[in-house]
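**Student:**
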Amino acid sequence: MHHLFTLTELSSAEITELLDEAERFAKGDHWQATEPLFVANLFFEPSTRTKCSFEMAERKLGLHVIPFDADMSSMQKGETLYDTVRTLEAIGVNAVVVRHSQDAYFETLRHVIRIPIINAGDGCGHHPTQSLLDLLTIRQEFGTLEGLTVAIIGDIRHSRVARSNAEVLARFGARVLFSSPEEWKDAANPYGTYVDIDTAVAEADVVMLLRIQHERHEEKMGLTKEQYHARYGLTLERGEKMKKNSIILHPAPVNRGVEIASELVESKRSRIFKQMENGVYVRMAVLKRAIEGGIANGSYFKKWKIV
Amino acid sequence: MHHLFTLTELSSAEITELLDEAERFAKGDHWQATEPLFVANLFFEPSTRTKCSFEMAERKLGLHVIPFDADMSSMQKGETLYDTVRTLEAIGVNAVVVRHSQDAYFETLRHVIRIPIINAGDGCGHHPTQSLLDLLTIRQEFGTLEGLTVAIIGDIRHSRVARSNAEVLARFGARVLFSSPEEWKDAANPYGTYVDIDTAVAEADVVMLLRIQHERHEEKMGLTKEQYHARYGLTLERGEKMKKNSIILHPAPVNRGVEIASELVESKRSRIFKQMENGVYVRMAVLKRAIEGGIANGSYFKKWKIV
Amino acid sequence: MHHLFTLTELSSAEITELLDEAERFAKGDHWQATEPLFVANLFFEPSTRTKCSFEMAERKLGLHVIPFDADMSSMQKGETLYDTVRTLEAIGVNAVVVRHSQDAYFETLRHVIRIPIINAGDGCGHHPTQSLLDLLTIRQEFGTLEGLTVAIIGDIRHSRVARSNAEVLARFGARVLFSSPEEWKDAANPYGTYVDIDTAVAEADVVMLLRIQHERHEEKMGLTKEQYHARYGLTLERGEKMKKNSIILHPAPVNRGVEIASELVESKRSRIFKQMENGVYVRMAVLKRAIEGGIANGSYFKKWKIV
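Chains as they are written, first to last, in the UniProt record's numbering: chain B, 1 to 307; chain P, 1 to 307; chain V, 1 to 307.
(1) Would you verify that the beta carbon of G298 of chain V is, or is not, closer than 8 Å to some beta carbon of chain B?
(2) At which residues does the beta strand (DSSP E) containing G239 of chain B begin and terminate?
(3) Could you work out which residue in B:S101, B:T80, B:D71, B:P67 is closest to A95 of chain B when comparing CA atoms only?
(4) When you compare only the Cα positions, how much space is there between S161 of chain P and M72 of chain B?
(5) Mind checking which residues open and close the alpha helix (DSSP H) that includes I197 of chain V?
(6) For D122 of chain B, report the span of its beta strand (DSSP E) as first-last.
(7) Any contact between the stretch 11–25 of chain V and the stretch 129–139 of chain V? By contact I mean 3 or more CB pairs, one from each, below 8 Å.
(8) Quick one: does R99 of chain V have its CB under 8 Å from some CB of chain B?
(9) Going straight from the alpha carbon of T8 of chain V to that of V206 of chain V, what length do you get?
(10) At least one CB of chain B closer than 8 Å to the CB of K243 of chain V: is that the case?
(11) Mark V150 of chain B as exposed unless 16 or more other C-beta atoms lie within 10 angstroms of its C-beta, in which case mark it buried.
(12) Any Cβ of chain P within less than 8 Å of the Cβ of M56 of chain V?
(13) Leaving aside the five residues before and after P36 of chain P along the sequence, list all residues of the same chain whose C-beta is less than 8 Å from its C-beta, in chain order.
(14) Along the beta strand (DSSP E) that carries V168 of chain P, what are the first and last residues, could you check?
(15) Is I212 of chain P helix, strand or coil by DSSP?
(16) Would you say S180 of chain B and G222 of chain B are within 8 Å of each other, going by their C-beta atoms?
(17) Under a CB-based cut-off of 8 Å, is P116 of chain P close to chain V?
(18) My output table needs one value for A151 of chain V: the three-state DSSP class, helix, strand or coil.
(19) Is G92 of chain V closer than 8 Å to M56 of chain B when the C-beta atoms are compared?
(20) With 9 Å as the limit, tell me which residues of the stretch 30–50 of chain B have their beta carbon closer than that to any beta carbon of chain P; keep them in chain order.
(21) Which class does A13 of chain P belong to by DSSP, given the choice of helix, strand or coil?
(22) Who are the Cβ neighbours of S101 of chain B in its own chain at under 7 Å, not counting the five residues just before and after it?
(23) Which residue comes first and which comes last in the alpha helix (DSSP H) that contains V265 of chain B?
(24) Got a sec: does the ligand SAH put a non-hydrogen atom nearer than 7 Å to the Cβ of S246 of chain V?
(25) Would you check if there are 3 or more beta carbon pairs closer than 8 Å linking the stretch 223–238 of chain P to the stretch 250–260 of chain P?
(26) Find out if the Cβ-Cβ distance for the pair E79 of chain B, I115 of chain B is shorter than 8 Å.
(27) Rounding to the nearest angstrom, what Cα-Cα distance links Y300 of chain P and L234 of chain P in this structure?
(28) Indicate whether at least one CB of chain P lies closer than 8 Å to the CB of E277 of chain V.
(29) As a quick exercise: from V:R271, V:L236, V:S246, pick the residue whose alpha carbon is nearest that of S262 of chain V.
(30) Using Cβ-Cβ distances below 7 Å, what residues of the stretch 75–105 of chain B are close to chain P?
(31) Please compile the residues from chain B whose C-beta is within a distance smaller than 8 Å of the C-beta of V280 of chain P.
(32) How many Å lie between N297 of chain P and K27 of chain V at the Cα?
(33) Buried or exposed: G143 of chain B, going by 16 or more other Cβ atoms within 10 Å of its Cβ?
(34) From W184 of chain P to R231 of chain P, what does the alpha carbon distance come to, in whole angstroms?
(35) Work out the CA separation of T87 of chain V and I247 of chain B for me, nearest whole Å.
(36) Flag H214 of chain V as yes if its beta-carbon sits less than 8 Å from any beta-carbon of chain P, otherwise no.
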């Protein structure tokens with residue numbers, strides 16, 4: 001069974017194979033399942049990029065998508081996530097993609113659900129397909145992750161992107177710098193070294209900005225957007241101090257003029273929209289892996305025989 | 001025209017044919033329409049099982065599904081259900097599936113809409129495809145309905161499942177027992193005999209539990225969940241007093257620990273998830289019948305010629 | 001690039017070609033794209049007819065539809081419409097259909113988005129596909145627009161239907177009459193002559209009623225529905241004074257008994273449901289034009305190369 005909960009659970013070889021597969025899709029490879037397969041996308045938090053690129057990836061693989069609207073589901077009547085996923089399994093859904101506000105929501109599903117589950121973001125936990133698309137974008141640019149300096153800048157503590165990326169970047173030989181307001185440092189994430197933003201920007205091959213998640217916390221440390229931008233954001237001035245071939249990443253949605261100057265979002269250095277395109281390819285790779293692993297174990301058949 | 005509003009309107013032969021058809025689908029039969037057909041699912045109340053299994057059934061039959069979101073439809077501007085369905089008919093939708101909170105909502109549509117309408121639940125009225133999947137699950141287990149004792153337990157009065165099932169079970173020769181708190185007995189449903197829950201559980205071949213519909217009434221008769229469970233629920237103790245080959249059904253979503261002990265939901269006797277799987281097959285049968293009946297009368301053409 | 005923002009921007013020849021194309025679809029012509037194409041419908045205001053008929057048109061053309069739910073999109077996190085459309089472009093969506101409450105929302109997209117955008121209604125601005133379906137319905141009835149008298153009746157000032165239709169009707173040689181309560185006259189729309197409703201109804205070949213948009217303004221000029229109907233609505237009495245071959249149009253949803261007597265909605269003169277059917281054909285024509293124009297310029301490829 002090929003769930004995908006966190007990248008930490010994958011070996012480096014497995015991650016590399018996913019990136020290679022995604023690269024093949026980026027270059028135009030086709031792959032479709034040999035029988036009709038059904039997938040459902042369970043998004044309990046807002047999303048444009050992740051949701052739409054999973055939808056795109058699913059259609060490119062020839063999968064049937066069963067619509068699921070959390071606000072109109074039986075979870076409104078108190079049904080649990082576990083019973084919801086078991087239900088979808090029972091009616092013949094072959095894989096589910098889940099985004100949920102609860103950290104590690106998947107622990108209640110891991111050993112009991114018999115169809116692959118793909119984590120599309122769990123609270124402040126992990127966001128493995130985002131990490132994969134970041135890795136792919138960096139690898140396309142530099143050919144390798146080894147020896148690169150990647151600066152992750154912003155709200156480190158609440159970011160599932162920071163958490164997912166730092167471990168795997170370090171594992172693949174990149175040097176990780178963190179830059180963050182004091183309040184948003186994350187003592188539980190040991191994979192980076194904190195530096196001030198000017199140092200981070202000046203030394204990085206990859207400047208990876210994080211979104212201020214207004215929906216997760218009220219605090220903005222008493223700063224206006226302009227003040228935050230000046231102190232902790234990638235301003236136009238800081239942008240000019242970036243290294244010659246360095247690039248800008250951001251998981252988006254972007255708060256233009258807050259964590260990054262609006263003009264830099266679509267600048268020559270930015271790979272922000274390329275990240276989105278790559279998101280489709282890594283999700284195709286992850287879905288293909290899930291389907292191939294899931295069908296092999298024959299779990300779909302006689303699934304109602306509870307003994 | 002083959003609408004499906006209530007099972008009461010169908011002859012026993014028609015019901016048997018639907019169950020036989022569903023059984024064929026369960027065994028792997030394929031059927032697809034010979035021309036492109038479009039269906040819309042109009043759900044005005046939350047649903048996971050019914051909505052998703054209709055979506056699954058439609059795709060298995062090769063139908064195109066036109067998404068409809070009640071909260072973003074023109075019913076927000078005051079458009080009636082009748083005008084909404086007439087609109088869908090006008091733009092070429094070939095059949096609609098409707099769940100609505102109003103009892104017998106379909107009476108305003110019955111003689112005027114020229115495409116088949118399938119009732120996916122009307123208020124506290126009927127839920128014919130739920131009944132069909134219950135019947136199918138019982139028949140798969142016992143080969144027949146005749147001579148069986150079926151205990152329907154819980155909120156009889158507000159349950160469209162109880163209403164839909166009792167009449168048809170009695171018609172097919174089953175003995176129906178009801179067990180319910182005094183407040184939730186239903187004087188208008190003459191098809192069962194009220195007994196206490198211990199008798200019901202001990203005598204039944206099929207223990208059919210109903211969900212407490214928290215969304216339809218506030219009253220819980222001053223009981224905590226634990227008290228309700230002890231007095232009126234299928235506890236582990238009661239579960240052990242069930243007859244040797246008897247089974248447990250529940251339309252779900254299940255309030256675990258209220259109408260049924262959580263451990264029993266996925267126990268050896270439970271057919272709760274098998275019911276969900278069967279839901280896909282009966283909905284395929286109902287849709288096939290609707291399409292075959294609907295196309296035969298040629299109602300789709302010149303539908304705008306109102307004279 | 002073949003966007004469609006307003007009919008005013010199209011030449012008369014282009015409009016005629018769209019109507020001719022729609023008529024061919026009405027008569028059963030088929031056309032499908034030769035490669036897999038993806039479209040997203042971004043509706044930020046409620047809609048049944050326009051949304052569902054775009055969905056229908058897209059499927060008839062063999063397009064893949066990527067679902068987009070504004071309430072569950074990243075616009076909930078503050079993302080702009082521009083960044084949302086850019087995102088969809090980046091992940092490979094080939095065209096977008098947009099309805100938005102802001103007048104001329106498309107001006108922020110016009111010169112920067114590299115996939116075709118089809119306006120499905122902008123605030124009190126324009127609604128070009130509604131105009132096209134009105135024109136098609138009139139042309140089917142009378143063979144031409146030239147020389148006809150078209151009365152547009154109701155809330156002229158807030159109506160994107162009135163704005164879109166009046167200019168193009170005048171351009172094609174129709175005489176446009178407006179009839180409206182004083183408060184809802186539109187000094188900015190020079191294409192019609194104001195007359196009282198009885199004159200409008202008596203002289204018109206086409207009586208085009210507008211919906212009172214309760215959601216856009218509270219004012220109903222202190223009138224009850226019955227009073228409004230008597231003074232400004234198409235009552236049964238006024239309906240009898242219509243010219244021999246004249247027809248009734250309404251963009252719907254209809255407030256039955258307010259702008260039109262309920263009995264007239266499905267009367268012999270009404271083409272209201274035929275308009276809806278025609279809506280599918282004109283949207284097929286508009287989508288076909290967008291796809292053909294969009295693919296020709298090769299904008300989909302290397303779209304992330306921002307230099």
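Glycine included, every Cβ here is placed at the ideal spot set by N, Cα and C.
**Tutor:** According to the structure shown:
(1) Position 298 of the third sequence, counted from the first residue, corresponds to residue 298 of chain V. Bear in mind that a pLDDT of 40 at G298 of chain V, under 50, signals an unreliable position, so the model cannot answer this.
(2) Start at 1 with the first residue of the first sequence, and residue 239 of chain B comes out as number 239. Segment 236–240 is the alpha helix (DSSP H) holding G239 of chain B; no beta strand (DSSP E) there.
(3) If you number the first sequence from 1, residue 95 of chain B lands on position 95. Nearest option by C-alpha distance: B:P67.
(4) In the second sequence, counting from the first residue as 1, residue 161 of chain P sits at position 161. In the first sequence, counting from the first residue as 1, residue 72 of chain B sits at position 72. Going by the sequence as given, residue 161 of chain P is Val instead of Ser. Roughly 20 Å separates the two Cα atoms.
(5) Against the third sequence, residue 197 of chain V aligns to sequence position 197. First-last of the alpha helix (DSSP H) with I197 of chain V: 197–203.
(6) Here the question's residue 122 of chain B lines up with position 122 in the first sequence. Unbroken beta strand (DSSP E) run through D122 of chain B: 117–122.
(7) yes
(8) In the third sequence, counting from the first residue as 1, residue 99 of chain V sits at position 99. No - not a single Cβ of chain B is within 8 Å of the one on R99 of chain V.
(9) Position 8 of the third sequence, counted from the first residue, corresponds to residue 8 of chain V. Position 206 of the third sequence, counted from the first residue, corresponds to residue 206 of chain V. Spanning the two alpha carbons is a distance of roughly 21 Å.
(10) Along the third sequence, one-based indexing puts residue 243 of chain V at 243. No, K243 of chain V lies away from the interface with chain B (no Cβ there is under 8 Å from its Cβ).
(11) Along the first sequence, read from residue 1 onward, the residue named residue 150 of chain B stands at position 150. So V150 of chain B ends up on the buried side.
(12) For this step, residue 56 of chain V is matched to residue 56 along the third sequence. So yes, M56 of chain V belongs to the interface.
(13) Counting from one through the second sequence, the residue named residue 36 of chain P turns up at place 36. Cβ within range, chain order: H64.
(14) As a working note, residue 168 of chain P is residue 168 in the second sequence. No beta strand (DSSP E) contains V168 of chain P, which is instead part of the alpha helix (DSSP H) from 160–171.
(15) The residue given as residue 212 of chain P occupies position 212 in the second sequence. In this structure, I212 of chain P counts as coil in the three-state DSSP scheme.
(16) For the purposes of this step, residue 180 of chain B is taken as residue 180 along the first sequence, with counting starting at 1. For the purposes of this step, residue 222 of chain B is taken as residue 222 along the first sequence, with counting starting at 1. Not in contact: S180 of chain B and G222 of chain B (Cβ atoms no closer than 8 Å).
(17) Residue numbering aside, residue 116 of chain P sits at position 116 when the second sequence is read from its first letter. Not an interface residue.
(18) Counting from one through the third sequence, the residue named residue 151 of chain V turns up at place 151. Strand, per DSSP.
(19) Looking up residue 56 of chain B in the first sequence gives position 56. Looking up residue 92 of chain V in the third sequence gives position 92. Yes; because the gap between Cβ atoms is below 8 Å, this pair is in contact.
(20) P36, F38, A40
(21) One-based indexing of the second sequence puts residue 13 of chain P at position 13. If DSSP states are grouped into helix, strand and coil, A13 of chain P belongs with the helices.
(22) For the purposes of this step, residue 101 of chain B is identified with residue 101 of the first sequence, where counting begins at 1. Cβ neighbours of S101 of chain B beyond the five flanking positions: F44, E45, G123.
(23) Position 265 of the first sequence, counted from the first residue, corresponds to residue 265 of chain B. Here the alpha helix (DSSP H) through V265 of chain B covers 262–265.
(24) Ligands are entirely absent from the displayed structure, and the ligand SAH is therefore not among its contents.
(25) yes
(26) By 1-based counting over the first sequence, the position of residue 79 of chain B is 79. By 1-based counting over the first sequence, the position of residue 115 of chain B is 115. Against a cut-off of 8 Å, the Cβ pair of I115 of chain B and E79 of chain B comes out as no contact.
(27) Position 300 of the second sequence, counting from 1, holds the residue named residue 300 of chain P. Position 234 of the second sequence, counting from 1, holds the residue named residue 234 of chain P. Unreliable placement is indicated for Y300 of chain P, whose pLDDT of 40 sits below 50; no coordinate value is reported for it.
(28) For this step, residue 277 of chain V is matched to residue 277 along the third sequence. Taking Cβ atoms only, chain P reaches closer than 8 Å to E277 of chain V, which makes this a yes.
(29) Your numbering for residue 262 of chain V matches position 262 in the third sequence. With distances taken between Cα atoms, S262 of chain V lies closest to V:L236.
(30) Q76, K77, G78, E79, D83, T84, R86, T87, L88, A90, I91, G92
(31) Sequence index remark: in the second sequence, residue 280 of chain P carries index 280 (1-based). By Cβ distance, chain B contributes I91, G92.
(32) Along the second sequence, one-based indexing puts residue 297 of chain P at 297. Along the third sequence, one-based indexing puts residue 27 of chain V at 27. With a pLDDT of only 40 at N297 of chain P, under 50, the local geometry of the prediction cannot be trusted, and no value is derived from it.
(33) As a first step, residue 143 of chain B is located in the first sequence; it is residue number 143 there, counting from the start. Under this definition G143 of chain B is an exposed residue.
(34) Numbered from its first residue, the second sequence carries residue 184 of chain P at position 184. Numbered from its first residue, the second sequence carries residue 231 of chain P at position 231. Between W184 of chain P and R231 of chain P, the C-alpha separation is close to 14 Å.
(35) Here residue 247 of chain B refers to the residue found at position 247 when the first sequence is read from its first residue. Here residue 87 of chain V refers to the residue found at position 87 when the third sequence is read from its first residue. For I247 of chain B and T87 of chain V, the distance between alpha carbons rounds to 19 Å.
(36) The count along the third sequence starts at 1 and reaches residue 214 of chain V at position 214. Yes, H214 of chain V lies at the interface with chain P (some Cβ there is under 8 Å from its Cβ).
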